[in-house]
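*Asks:*
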Amino acid sequence: MKDRQITNVEASIRQRLLNISRIHGEDFGFVLTRYANERFLYRLYQSEYADRFILKGGMLFLAWAEELYRPTRDIDFLGFGDNADDNLINTVKDICVTPVELDGLVFNTEDIQVMDIREDEEYQGKRITLNASLGAAQIPLQLDFGFGDAVVSEIEIIEYPTMLESPAPRLRAYPKETVIAEKLEAIVKLGMVNSRMKDFYDIWMMSKIFTFTGHVLQVAINATFNRRKTPIPDLTPIALTREFAEERDHKKQWRAFLRRNRLDVGSIEFSQIIDDIYSFLNPVISAIVADCVFSNVWPAGGPWNDTKSIEAPFT
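Residue numbers for the sequence shown follow the numbering used here, so the first one is 738 and each next one is one higher.
(1) If you draw a straight line from the C-alpha of F790 to the C-alpha of D819, how long is it?
(2) Report the rounded CA-to-CA distance for N845 versus A873, giving the unit in angstroms.
(3) Helix, strand or coil for L792 per DSSP?
(4) Just how far apart, CA to CA, sit S784 and I1014?
(5) Have a look at R997 and D764 and give me their C-alpha separation to the nearest angstrom.
(6) In this structure, does DSSP put N868 in helix, strand or coil?
(7) Within this structure, are the beta carbons of Y897 and E775 separated by less than 8 angstroms?
(8) Quick check: the Cα distance between C1029 and F949, rounded to an integer number of angstroms?
(9) M900 by DSSP, collapsed to three states: which one?
(10) For the stretch 971-979 and the stretch 826-840, state whether three or more C-beta atom pairs, one from each stretch, are separated by less than 8 angstroms.
(11) For A993, which beta-bridge partners are listed by DSSP?
(12) Would you mind listing the alpha helix (DSSP H) stretches within the stretch 1006-1049 that are 4+ residues and don't spill past its ends, in chain order?
(13) What does P877 pair with, by DSSP beta-bridge criteria?
(14) Examine the ligand PLP and report whether any of its heavy atoms sits within less than 7 angstroms of the Cβ of Q875.
(15) Identify whether R965 lies in helix, strand or coil by the three-state DSSP scheme.
(16) Counting pairs of beta carbons, one from the stretch 919-930 and one from the stretch 959-977, are three or more of them closer than 8 angstroms?
(17) Kindly identify the DSSP beta-bridge partner or partners of N756.
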């Protein structure tokens, strides 16, 4: 009887997720992954390890605003403590078997794999891969853990939105300013060869939705660049120039990114996206180079207000 009850729960949840997929026109595989990721986060919240990890990356954007959502298959964390392979595997195993309300999922802890994230990816760290099962459906999960990054703004506590009115995880989350800072650092470092269109999209969307205090963003950018040993550019970063925006491959990559993720920015061209990001970030970069406090405020959608920068060292 108990096995039949569990099977019925799995079938019911699968059907409800399939309905969500059909209503929103989303790939069912992405919907399954989003559900499994969400319930892994809930297990983390219920575990003894909740304070050791800070949520970042694409999963975080959905918690901030529905408009920021773009399909993502991985969960990104900033981790604290021992990052040795065996310790990280055991931690993930413990999280997976944390007792929670019945949600139809079984996380398969016997096939967990760990690998190093390469230097040429977004950050150095560890990647865990494993599978979860919802009945007969196998759902691959990817967990990326960075260690040692600089977070100078106040850590947020978020309640993560759930798909099926399940109990919600409450998690420590990256500050918005640090998200912007890390994406800007990647844009500067990669330069003309940058094909990471998600960074441009995320920064642009965040500048449209959120208000930023100039000095807080300035400190976050400076700390991130220092931590990653990337010089603050004296001149406009190449990826924020018209030359970069008008390059054929970049425009092609941008259109492919929007199409692949089913994102709609209307008739706005990639060159306008770059211009908007330049207007948002270049004044902050210039203030860092000039070693003065940037005290302006960016309301959602901009522009920076006309409050004058304070002519004093900001560090």
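All C-beta atoms, glycine included, are put in the ideal place defined by N, C-alpha and C.
*Replies:* Walking through what the data contain:
(1) One-based indexing of the sequence shown puts residue 790 at position 53. One-based indexing of the sequence shown puts residue 819 at position 82. About 12 angstroms.
(2) Here residue 845 refers to the residue found at position 108 when the sequence shown is read from its first residue. Here residue 873 refers to the residue found at position 136 when the sequence shown is read from its first residue. N845 and A873: Cα-Cα distance of roughly 13 angstroms.
(3) As a position in the sequence shown, residue 792 is number 55, starting the count at 1. L792 falls in the strand class under three-state DSSP.
(4) For this step, residue 784 is matched to residue 47 along the sequence shown. For this step, residue 1014 is matched to residue 277 along the sequence shown. Their Cα atoms are separated by approximately 39 angstroms.
(5) For the purposes of this step, residue 997 is identified with residue 260 of the sequence shown, where counting begins at 1. For the purposes of this step, residue 764 is identified with residue 27 of the sequence shown, where counting begins at 1. If I take the Cα positions, the gap works out to 11 angstroms.
(6) The residue given as residue 868 occupies position 131 in the sequence shown. Looking at N868 - three-state DSSP - the assignment turns out to be strand.
(7) Counting from 1 along the sequence shown, the entry for residue 897 is found at position 160. Counting from 1 along the sequence shown, the entry for residue 775 is found at position 38. Contact: yes.
(8) The residue labelled residue 1029 in the question sits at position 292 within the sequence shown. The residue labelled residue 949 in the question sits at position 212 within the sequence shown. Approximately 17 angstroms, taken between the alpha carbons.
(9) For this step, residue 900 is matched to residue 163 along the sequence shown. The answer is coil: DSSP assigns M900 none of H, G, I, E or B.
(10) no
(11) For this step, residue 993 is matched to residue 256 along the sequence shown. According to DSSP, which records beta bridges pairwise, A993 is partnered with nothing at all.
(12) 1007-1027
(13) For this step, residue 877 is matched to residue 140 along the sequence shown. The partner list for P877 (beta bridge, DSSP) reads N868.
(14) Among the components of this structure there are no ligands whatsoever, and the ligand PLP is therefore not found.
(15) Residue mapping note: residue 965 aligns to position 228 of the sequence shown, counting from 1. Here R965 sits in coil by DSSP.
(16) yes
(17) Start at 1 with the first residue of the sequence shown, and residue 756 comes out as number 19. Answer is none; N756 lacks a bridge partner.
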